[in-house]
Each structure stands twice: as structure tokens, then as C-alpha cells.
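Residues 439 to 572 in my numbering are what the sequence shown spells out, letter by letter.
Every residue, glycine too, gets a C-beta built ideally from N, C-alpha and C.
Below is one structure, written out as C-alpha cells; comments come after it.
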Amino acid sequence: MKGFGGGFDRYMLGMFGEQLNKDFVQEAVTEALKLDAALSQIDSEHGDLKKIALLHYSPIQATIEGEPEAIHPFLGCSRLEEPLNRRNVLAAFHGHAHVGTLEGETSTGVKVYNVSKPVLQKSEYEKPFFLLEV
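The structure is reproduced here in C-alpha cells:
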């Protein structure tokens with residue numbers, strides 16, 4: 439899933455103001471719904487599989503820490519966290535936040551990893567990739 443921006447927690451953007459602002463928020467809602475639908479389909483067809491989510495944008499604020507606060511709403515959105523929690527995802531991976539933090543977790547403990555190349559290099563990985571055994 440791509441995911442989208444929109445902000446985090448109490449600073450998440452709502453549907454107000456000009457139509458372009460509403461469209462921006464709607465894109466975040468649509469992407470969260472797509473993520474939930476895809477995870478739901480996996481649950482219904484292969485309920486015993488461990489699920490990993492691959493996103494471009496971050497579902498939590500913790501993995502974008504280090505980026506300028508002014509751009510946080512453009513690096514991800516809390517709306518992406520809810521499907522991860524509800525569908526019992528094992529882990530989620532994203533990029534996009536090149537000055538962020540490697541690891542965080544959702545409110546229910548789903549591990550989230552920012553695997554953008556600059557973050558992996560900053561974390562002193564010998565090779566710029568992250569491997570998670572499941």
C-alpha cells in the first residue's frame with residue numbers, strides 16, 4: 439500500500455475548509471480503507487498466515503521522529519495504524535521519512551520499521567537493508 443499523509447494522533451487533519459484540503463484528507467482515508475480491505479481479504483482467504491504490511495508513508499509518528507515537525511503531516515497518517523492493529527499485523531515497513539527513526543510500534547504493539555536507505559545507513563547497518571525473521 440502507498441498510504442498517505444495527514445498527520446498523527448491529535449494533530450491528524452480533519453475534513454474542513456477548502457475542497458483541496460478535504461481531498462487531501464480523503465486520500466488518507468481511502469488509503470487506510472484499501473489497507474484494511476487487503477488485510478481483511480488475507481484474513482478471509484488465509485487466516486493462518488502471518489501478515490506484514492509494506493507502506494510508503496508511516497502509520498505512526500515514532501518512526502518519523504528526527505524529521506522537522508513542520509513536515510510530519512506529509513510523512514504519514516495515524517489512519518494507517520488502525521487497520522494494522524485490528525487485523526493483527528505482525529510488522530509494518532515504510533520508507534519516505536529519510537531523517538526518521540528506525541523502529542517504533544503501534545498502540546497495540548505492532549512493530550513498525552522505517553527502512554528508508556538513509557535511516558538504515560544512519561543506524562549503521564553493514565548493508566542498507568533490514569531483515570526481519572518471522
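contact_flag[the segment 450-465, the segment 482-495] where n(CB pairs < 8 Å) is 3 or more: no
Name the residue from V537, A475, T544, G542 whose alpha carbon lies nearest to the alpha carbon of S554. As a position in the sequence shown, residue 554 is number 116, starting the count at 1. Checked all of V537, A475, T544, G542; the closest Cα to S554 is V537.
Less than 8 Å between the C-beta atoms of R517 and L477, yes or no? Position 79 of the sequence shown holds residue 517. Position 39 of the sequence shown holds residue 477. No, the Cβ-Cβ distance between R517 and L477 is not below 8 Å.
Cβ-based burial, T539 [other Cβ within 10 Å; buried from 16]: Along the sequence shown, one-based indexing puts residue 539 at 101. The residue is buried, with at least 16 neighbouring Cβ atoms inside 10 Å.
Does DSSP put E564 in a helix, a strand or coil? Here residue 564 is taken as the residue at index 126 of the sequence shown, counted from 1. Correct three-state label for E564: coil.
When DSSP builds the beta bridges, which residues end up paired with Y551? Numbered from 1 along the sequence shown, position 113 holds the residue referred to as residue 551. Beta-bridge pairing links Y551 to F531, E541.
Spatial neighbours of P566 within its chain, please: CB distance less than 7 Å, with the 5 preceding and 5 following residues excluded, ordered by chain position. In the sequence shown, the residue the question calls residue 566 occupies position 128. Closer than 7 Å at the Cβ level, and outside the excluded window around P566, lie K555, L558, Q559.
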